[in-house]
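Report on one structure; see the data block that follows.
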Amino acid sequence: MKRANYTNILLEEMNAKFDLMLEIVSSLATLPAAVRKLQEDVDQIQIDIRIIKSVVTSRSGQLQAHERRITRLESA
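The working numbering numbers the first residue of the sequence shown as 11 and each following residue consecutively.
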């Protein structure tokens, strides 16, 4: 009689673990979409960074030109 009780407990425990595995595996189905979304976000950030770099570089050149002009005016 005791042995049958242990068997039932073990079977319930195994069923619970199988249910958990099924839940985990089914949640993995949404992972590719999340990864694609994350990659799209990273790609957009990279594009934005390139734009920011070009603007900063452009402004840096203008700032250097202004500094040279101011230095010449102050020297005159």
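Where is the CB? At the ideal position from N, CA and C, for every residue including glycine. From a predicted model like this one, the values you see are computed outputs, not experimental measurements.
{"Query": "Reduced DSSP secondary structure (H/G/I, E/B, other) of Thr81", "Result": "helix"}
{"Query": "For Ile59 and Met31, the rounded distance between their alpha carbons", "Result": "41 Å"}
{"Query": "Straight-line Cα distance separating Glu84 from Ile61", "Result": "34 Å"}
{"Query": "Between the CA atoms of Leu38 and Ile55 - distance to the nearest angstrom", "Result": "26 Å"}
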